[in-house]
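In terms of the working numbering, the sequence shown opens at residue 38 and continues consecutively.
We treat Cβ as the ideally placed atom computed from N, Cα and C, and that holds for glycine.
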Amino acid sequence: MDIETLKQQIYELSGGEDAKRDPYMQHLLDTNFAGLTGYASQDKPWEYYFDKEKLANIKNDMTMYQDILKSNQGYMNTTALIYFLSKISYGKLFENIDKTSKSYAEYGIKDNDFVTICAAGIPETIYSIYALSKIGGVANMMPPHFDKEDMERTIGNCESDTLIVMENFYPEIKDKIKNTGIKNIIVIPFLNSSPLRFLKHPGKMKLNPKNEIYWNEFIKDGRKQQVPETFPYIENYPICLAYSSGTTGPAKPILLSNDSFQNSVLSYDANIIDVLRGQKMYQMVPPWFATGLSTSIHLPLHRGLQIFQDPRYEREVFVKNIIDQKIDYCVSTSSMYEGFILDDELTKGKKLCNLGSPFAGGEPLVSKTLKQIEEKWKEMGVDTRLLTGYGRTEDGAQTTSQSQNIYHIRGSVGMPLPGVNIAIVDDNFNELPYGQRGNIIVNTPCGMIGYFKNEALTKLGKHIDKNGVEWNITKDIGYILPNGEVFVDGRRDDCTELEDKTIFHFDIEKAVREEYDIKLCDCLKKKDDNNDKLFALHLIFTKKYQSMYSNPTLLRNRLIELQQIIYDKYGDIDYVPEYFKIRDTFPYKKSGKRDAESIENETEAFIYVDKSKLLGYSRKRVNNI
Numbered sequence: 038m039d040i041e042t043l044k045q046q047i048y049e050l051s052g053g054e055d056a057k058r059d060p061y062m063q064h065l066l067d068t069n070f071a072g073l074t075g076y077a078s079q080d081k082p083w084e085y086y087f088d089k090e091k092l093a094n095i096k097n098d099m100t101m102y103q104d105i106l107k108s109n110q111g112y113m114n115t116t117a118l119i120y121f122l123s124k125i126s127y128g129k130l131f132e133n134i135d136k137t138s139k140s141y142a143e144y145g146i147k148d149n150d151f152v153t154i155c156a157a158g159i160p161e162t163i164y165s166i167y168a169l170s171k172i173g174g175v176a177n178m179m180p181p182h183f184d185k186e187d188m189e190r191t192i193g194n195c196e197s198d199t200l201i202v203m204e205n206f207y208p209e210i211k212d213k214i215k216n217t218g219i220k221n222i223i224v225i226p227f228l229n230s231s232p233l234r235f236l237k238h239p240g241k242m243k244l245n246p247k248n249e250i251y252w253n254e255f256i257k258d259g260r261k262q263q264v265p266e267t268f269p270y271i272e273n274y275p276i277c278l279a280y281s282s283g284t285t286g287p288a289k290p291i292l293l294s295n296d297s298f299q300n301s302v303l304s305y306d307a308n309i310i311d312v313l314r315g316q317k318m319y320q321m322v323p324p325w326f327a328t329g330l331s332t333s334i335h336l337p338l339h340r341g342l343q344i345f346q347d348p349r350y351e352r353e354v355f356v357k358n359i360i361d362q363k364i365d366y367c368v369s370t371s372s373m374y375e376g377f378i379l380d381d382e383l384t385k386g387k388k389l390c391n392l393g394s395p396f397a398g399g400e401p402l403v404s405k406t407l408k409q410i411e412e413k414w415k416e417m418g419v420d421t422r423l424l425t426g427y428g429r430t431e432d433g434a435q436t437t438s439q440s441q442n443i444y445h446i447r448g449s450v451g452m453p454l455p456g457v458n459i460a461i462v463d464d465n466f467n468e469l470p471y472g473q474r475g476n477i478i479v480n481t482p483c484g485m486i487g488y489f490k491n492e493a494l495t496k497l498g499k500h501i502d503k504n505g506v507e508w509n510i511t512k513d514i515g516y517i518l519p520n521g522e523v524f525v526d527g528r529r530d531d532c533t534e535l536e537d538k539t540i541f542h543f544d545i546e547k548a549v550r551e552e553y554d555i556k557l558c559d560c561l562k563k564k565d566d567n568n569d570k571l572f573a574l575h576l577i578f579t580k581k582y583q584s585m586y587s588n589p590t591l592l593r594n595r596l597i598e599l600q601q602i603i604y605d606k607y608g609d610i611d612y613v614p615e616y617f618k619i620r621d622t623f624p625y626k627k628s629g630k631r632d633a634e635s636i637e638n639e640t641e642a643f644i645y646v647d648k649s650k651l652l653g654y655s656r657k658r659v660n661n662i
């Protein structure tokens, strides 16, 4: 491609004259696009925004424990954790890590041993993880929602004989672990680290003295032990066993190293996240997700922040804590932030003054909802954007991120983290130019060691290019703009394969999800024993328009109109669904992910709308409700 054609394409893809507002695009114009190839992984336009000196120094040589100890020398009297009226200093944090490591030694736990941890974001979870890092052990971060079979497989695979479990979770999992190799069970009361533990409450569980013990007794057992020596840094040495979120089938065990987490937090130092020592971070994402352990625990401790912990996963609690605790930085699911606009009583007369880096993950918010949240924040006194990012556990939790320091186009997931490279390729791994949609592959220093005890699956998830560079195959579809912003459309297998084309279901959702009356939508395959090429559009209308449910004619007319909108966008009748299901809610897995498998197996309450006469339909907006 000649330079003039390339310049014109980049100019158009970046919004024409609006492109000049972007500093990188202005740089390209000023230098007459010198050296540009038109391929993102070669140009790496995102590096223009990074601190070049810090970018060159992203090379880890420490364990997670060594890192937070070094980062906080001289700040031992400052606050590390806040938990239900309790403030725990960095000095006390390291003292508790040492005590936990002594108890590990008492119980015979040493380097390379796995300890299963099933606990939410509470102080003892942090002590447990960093004590394992100190002695060279490995944390098996087991989610409480796993079924019996998953728990038996999870614990059996890593040959773990010790379980640290939060008291709230233990009744749910007690029977599930009976047939595992667990010999020692340490139970953590929910308020163990809070002065509220002294208040009157229903009482502790009755434990079996043979193999069950409360946390404080576990710590007492290690009093006579010497503090173990700090295990040295070894490249690619494992630190935790995390699990995929189960988007496409059962959760997969993923072995991550110290480098996975260390390279991630070091990359943030190159001018991605604008957070300062002493600011307050709200930990919301559970630590059994790599994002929770990386961006919500290790990153703030690396930066010397205060971590505010309250594991109650409730919108009302979340909004009140953001306001009352003057939170600066938070990572949570998108739906939690909706609490700011769903109940005016929560925000009436309240002010926000600190919130500078709020991040949302999970299912993306539609633009209209996102704008409502940000407008509400403006009313409350803070002009900030709700940021997002993209990543997988396999890639070390996060691959891209937005930043308050950079203007981002709505719908993007930001730019690759410093040190990370991304390419968009076709099915034969040929790189595609800017703006073209294809398969997303990632080269990252934060990647996994591999799927645990599954070398074959690990190899399937990687591609080695002609230059010997290793890329992780994400199985996601997306594209990259010339300024380096990444857009993720959806999963590669979220589609219906026709004889001559592939219909991606997320394209159908994209056509209608911003409509005035649509709250949520999901396009999925429709179960039919006689036809495997059918798909259905599942819709939840906003409350104002749910009166359509009792008016079949009005509802059908609106569905016809949605069919027309989809056809107008793509000009292809094959994209238009004929089956619809009107819903009040979607089923969700215990992991928090929408249960697509359950939805696809539904067979009742579908509405059929013939599309054969679609082209003759006269469009008339159904908005008179």
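{"Query": "Would you decide whether residue 658 is buried or exposed? Buried here means 16 or more other CB atoms lie within 10 Å of its CB.", "Result": "Low confidence applies to residue 658: its pLDDT is 40, below 50, so where it sits in the model is not reliable enough to give any reading."}
{"Query": "Throw me the rounded Cβ distance for the residue 454 and residue 437 pair, which I believe falls under 8 Å.", "Result": "7 Å"}
{"Query": "Considering just the uninterrupted stretch of the beta strand (DSSP E) at residue 508, what are its terminal residues?", "Result": "507-517"}
{"Query": "Output the boundary residues of the beta strand (DSSP E) element that contains residue 533.", "Result": "532-534"}
{"Query": "If we require 3 or more residues per run, which beta strand (DSSP E) segments fall completely within the region 522-605?", "Result": "523-528, 532-534, 539-541, 555-562 and 572-578"}
{"Query": "Is residue 349 buried or exposed, if buried means 16 or more other CB atoms sit within 10 Å of its CB?", "Result": "exposed"}
{"Query": "Looking at the structure shown, is residue 172 part of a helix, part of a strand, or coil, going by DSSP?", "Result": "helix"}
{"Query": "Give the DSSP-derived three-state secondary structure of residue 230 in the structure shown.", "Result": "coil"}
{"Query": "Between residue 523 and chain B, is there a C-beta pair that is closer than 8 Å?", "Result": "In the structure shown, chain B does not exist; there is a single protein chain."}
{"Query": "Using 10 angstroms around the beta-carbon of residue 408, count the other beta-carbons present and answer buried if the total reaches 16, otherwise exposed.", "Result": "exposed"}
{"Query": "Pull up the CB-CB distance for residue 664 and residue 450, whole angstroms please, since I reckon it's below 8 Å.", "Result": "Because the chain is modelled from 38 through 662, residue 664 falls outside the range shown and cannot be assessed."}
{"Query": "For residue 182, which beta-bridge partners are listed by DSSP?", "Result": "Per DSSP, none; premise fails for residue 182."}
{"Query": "Going by C-alpha to C-alpha distance, which of 414, 546 and 387 sits closest to residue 374?", "Result": "414"}
{"Query": "Can you tell me which of the three DSSP states residue 648 falls into?", "Result": "coil"}
{"Query": "Roughly how many angstroms lie between the CA atoms of residue 276 and residue 456, to the nearest whole one?", "Result": "21 Å"}
{"Query": "For residue 634, which beta-bridge partners are listed by DSSP?", "Result": "Bridge partners of residue 634: none, in fact."}
{"Query": "For the region 158-174 against the region 351-366, do three or more pairs of beta-carbon atoms, one drawn from each stretch, fall closer than 8 Å, so that the two count as touching?", "Result": "no"}
{"Query": "To the nearest whole angstrom, what separates the beta carbons of residue 317 and residue 345, a pair I think is in contact under 8 Å?", "Result": "6 Å"}
{"Query": "Scan the region 99-161 and note each continuous alpha helix (DSSP H) run of 4 residues or more that stays entirely inside, going in chain order.", "Result": "101-108 and 127-143"}
{"Query": "Report the residue ranges of all alpha helix (DSSP H) runs contained in full by the region 276-325; include only those spanning at least 4 residues, in chain order.", "Result": "295-305"}
{"Query": "For residue 198, which residues of its own chain have a beta-carbon under 8 Å away from its beta-carbon, when the five flanking residues on both sides are left out?", "Result": "218, 219, 220 and 221"}
{"Query": "Consult DSSP for residue 424 and reduce its assignment to one of helix, strand or coil.", "Result": "strand"}
{"Query": "Would you identify the three-state DSSP class for residue 460, choosing helix, strand or coil?", "Result": "strand"}
{"Query": "Using the C-alpha atoms, what's the distance from residue 513 back to residue 138?", "Result": "40 Å"}
{"Query": "As an exercise, report each continuous beta strand (DSSP E) stretch of at least 3 residues that is fully enclosed by the region 400-451, in chain order.", "Result": "424-427"}
{"Query": "DSSP state of residue 642, grouped into three classes?", "Result": "coil"}
{"Query": "Could you work out which residue in 602, 306 and 551 is closest to residue 648 when comparing CA atoms only?", "Result": "602"}
{"Query": "Going by beta-carbon coordinates alone, are residue 270 and residue 100 separated by less than 8 Å?", "Result": "yes"}
{"Query": "Rounding to the nearest angstrom, what Cα-Cα distance links residue 334 and residue 77 in this structure?", "Result": "32 Å"}
{"Query": "Report the partner residues of residue 500 according to the DSSP bridge assignment.", "Result": "508"}
{"Query": "Closer than 8 Å is the cut-off here; do at least three beta carbon pairs connect the region 503-522 with the region 99-118?", "Result": "no"}
{"Query": "Around the Cβ of residue 232, are there at least 16 other Cβ atoms within 10 angstroms (buried) or fewer (exposed)?", "Result": "exposed"}
{"Query": "Using only the alpha-carbon positions, how far apart do residue 557 and residue 577 sit?", "Result": "5 Å"}
{"Query": "By the DSSP assignment, the alpha helix (DSSP H) with residue 217 in it spans what residues?", "Result": "Here residue 217 belongs to no alpha helix (DSSP H), and DSSP marks it neither H nor E."}
{"Query": "By alpha-carbon positions, which one of 85, 516 and 493 ends up nearest to residue 468?", "Result": "516"}
{"Query": "In terms of residues, what are the limits of the alpha helix (DSSP H) holding residue 372?", "Result": "371-374"}
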